[in-house]
Every structure is written in structure tokens, then in C-alpha cells.
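Following the UniProt record's numbering from start to finish, the sequence shown increments by one per residue and tops out at 246. Note that beta-carbon positions come from the ideal geometry of N, C-alpha and C, so glycine has one too. Keep in mind that this is a model prediction, so the values were computed, not measured. Structure first, commentary second.
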Amino acid sequence: MTLLIRCISLAGSDRRARMAEQLDALPFDWSFFDACTVPPAGLPYDPARTLARHGRELTRGELGCFASHWALWRELAAMDDDAVMLVLEDDILINPVFFAAMDRVAAAMRRYGYLRLYAKVPAGARYEGPFLDRHIARFSGRAYGTQAYLITPATARHWLGSIREVVRPIDDEMDRYWAHGVPIRAAFPFPVMEVDYGSTIEGKRRVATPLSKPQRLRWEWAKASEKAWRHLADLRSRVSGARTKR
């Protein structure tokens with residue numbers, strides 16, 4: 001198995017020294033990925049469509065964040081299937097004991113394809129099973145955040161093929177398991193803690209955008225549709241789980 005560790009960080013950011021100190025203590029090679037500051041090349045972004053489906057336009061920071069993760073998925077997608085990439089952002093503190101065994105963690109998560117090591121919101125999290133010395137929590141809502149996760153080439157290729165345009169922030173897109181079929185799972189307790197340094201990549205998360213009545217109606221319809229598809233996916237998951245237990 002090949003383990004790649006990439007830490008997304010703006011070139012010249014003061015956070016780099018703090019992350020380097022943590023990652024240099026691990027018995028693995030790692031590297032910084034210079035965070036993108038422009039939308040992903042070749043992936044359309046239409047502010048009007050985003051306004052209708054997300055309720056607001058994306059910030060420059062959110063577009064750059066999307067492009068950064070997208071670029072890492074493209075790198076991973078070109079790798080052999082035995083690879084696993086650990087994607088980190090530079091606003092975290094890591095559990096050094098857990099991360100020192102990251103080769104073992106990466107090997108164990110391959111069956112899932114995608115595993116969060118942190119989430120901002122415990123959105124409907126439920127216990128799914130043991131995972132090494134921790135547990136697997138499965139989410140039934142938006143967990144938010146891209147601070148730390150493990151991903152396989154197969155999942156990277158799947159997302160690269162299923163996401164055709166930039167409509168919402170990258171973490172929102174990753175959380176849409178009802179649309180792309182990749183469940184949200186996380187190792188719990190989280191081996192990562194977010195540190196509030198003040199954003200340098202994502203920028204202000206919420207930007208108030210005045211909406212006309214037609215725009216608001218389109219947005220409300222989009223939200224209702226997303227909610228309906230999410231509930232349908234959750235129902236299918238519960239039915240499938242019940243059949244498995246029989």
C-alpha cells in the first residue's frame with residue numbers, strides 16, 4: 001500500500017510552521033500542497049446557478065478550496081488502486097499517537113473508500129462498528145469541513161466523474177451521499193481538533209445575498225428537493241441494514 005500525505009496550505013502562511021512541526025514528528029513522508037486561489041480549471045462555475053441551488057454565491061476562498069481538493073483528487077486518481085491519500089488542512093492539531101500508526105489506519109479504511117477524521121457537525125451520527133481502537137460513526141446529514149480525511153483512488157475517480165460543475169462548497173458536495181452514493185463515515189473519537197486561527201483559505205463562510213422572490217422560490221425548491229432525496233437515501237440505507245441483520 002502507498003500512503004500519500006498532503007497538507008493544503010497557502011504558500012507563505014504562518015500556519016505552515018505549526019503543521020510542519022506536527023507532521024515532521026511522524027514516521028512518514030508528507031508534503032504541502034500550495035492552496036489554489038482560483039476556481040478549478042475545466043469545471044464550470046455559474047454564479048446564477050449557485051444562487052438558485054445554494055442560496056448564495058461562493059466566496060473566492062470557497063472556490064479556491066474546491067480547486068485545491070479537486071487537484072488532489074486528480075493526483076490520487078492517477079495512482080494505482082493500492083494507494084490511500086490523507087488530506088489535511090493547516091488549521092488542525094493532530095493526535096500524534098493515532099497519526100503515528102497512519103499506515104495501519106489507511107489500510108483499515110480502504111474498504112470504505114472515504115473516511116473523515118473530523119467533522120464540524122455531528123449530523124445524525126450513529127454507531128456503525130469498531131475501527132481499530134476507535135469506532136465508525138456514520139452520518140445522515142451534512143457533517144461539514146474538510147480538515148482531515150482519507151480517500152482511495154476509486155472514490156477520487158468516482159467524485160471526479162460525478163461532479164460536473166461547481167455549485168456549492170466542496171464539503172457540501174462531499175456530504176451529498178444521496179447524490180453520489182459515497183456514505184459519510186468518520187473515525188470516532190476524532191483524532192483531529194480544529195484550531196481557529198482565522199481563515200486564510202475558505203474566507204467568510206456565509207455571505208448574505210439579497211434574493212428576489214423568484215430567486216428565493218428556486219432556492220427553496222432546491223432545498224426541498226435535496227431534503228427529499230436525502231430522506232429517501234436514508235430510508236434505503238435503513239432497509240438495507242435491516243435485511244443484512246436478518
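My understanding is that residue i touches residue j, with C-beta atoms under 8 Å, so please give their C-beta distance in whole angstroms.
i: residue 44; j: residue 166; result: 7 Å
i: residue 76; j: residue 151; result: 7 Å
i: residue 145; j: residue 172; result: 10 Å between Cβ atoms; not a contact.
i: residue 128; j: residue 138; result: 4 Å
i: residue 78; j: residue 4; result: No, residue 78 and residue 4 are not in contact; Cβ-Cβ is about 11 Å, not under 8 Å.
i: residue 57; j: residue 47; result: 5 Å
i: residue 70; j: residue 40; result: 4 Å
For residue i, collect the residues of the same chain with a Cβ closer than 7 Å to its Cβ; drop the 5 residues on either side in sequence, then sort them by chain order.
i: residue 230; result: 178
i: residue 216; result: none
i: residue 91; result: 15, 147, 194, 195 and 197
i: residue 107; result: 1
i: residue 68; result: 8, 33, 35 and 36
i: residue 25; result: 96
i: residue 81; result: 153 and 154
i: residue 204; result: Here the model assigns residue 204 a pLDDT of 48, short of 50, so the residue's position is not dependable and the matter cannot be decided.
i: residue 19; result: 7, 9 and 90
State the DSSP-derived secondary structure class of residue i, mapped to helix, strand or coil.
i: residue 161; result: helix
i: residue 202; result: At residue 202 the pLDDT is 45, less than 50, meaning the model places this residue with poor confidence; the figure from the coordinates comes in the next sentence. Correct three-state label for residue 202: coil.
i: residue 13; result: coil
i: residue 83; result: strand
i: residue 323; result: Since the first residue of the chain shown is 1 and the last is 246, residue 323 is not available in this structure.
i: residue 127; result: strand
i: residue 144; result: coil
i: residue 118; result: coil
i: residue 65; result: helix
i: residue 184; result: coil
Less than 8 Å between the beta carbons of residue i and residue j, yes or no?
i: residue 132; j: residue 97; result: no
i: residue 169; j: residue 65; result: yes
i: residue 149; j: residue 126; result: no
i: residue 59; j: residue 113; result: no
i: residue 28; j: residue 118; result: no
Any heavy atom of the ligand GDP closer than 7 Å to the Cβ of residue i?
i: residue 153; result: Within the structure as shown, the ligand GDP is missing, as the structure has no ligands at all.
Can you check which of these residues, the options, is closest to residue i by C-alpha distance?
i: residue 101; options: 79, 74, 134 and 114; result: 134
i: residue 55; options: 236, 232, 224 and 220; result: 220
i: residue 192; options: 82, 95 and 60; result: 95
i: residue 252; options: 130, 185 and 158; result: Here the chain comprises residues numbered 1 to 246, so residue 252 is not present and cannot be evaluated.
i: residue 182; options: 188, 163, 189 and 190; result: 163
i: residue 51; options: 212, 11, 13 and 187; result: 212
i: residue 176; options: 227, 157, 236 and 188; result: 227
i: residue 99; options: 11, 10 and 23; result: 23
i: residue 188; options: 27, 136 and 235; result: 136
i: residue 53; options: 224, 232 and 11; result: 224
i: residue 38; options: 30, 236, 31 and 10; result: 10
i: residue 218; options: 159, 140 and 49; result: 49
i: residue 103; options: 160, 214, 42 and 30; result: 30
Between which residues of its own chain and residue i is the CB-CB distance below 6 Å, once the five residues before and five after are set aside?
i: residue 109; result: 115 and 150
i: residue 86; result: 5 and 150
i: residue 157; result: 77
i: residue 180; result: 162
i: residue 210; result: none
Quick one: residues in its chain with C-beta nearer than 8 Å to the C-beta of residue i, no 5 flanking neighbours on either side, listed in chain order?
i: residue 233; result: 177 and 178
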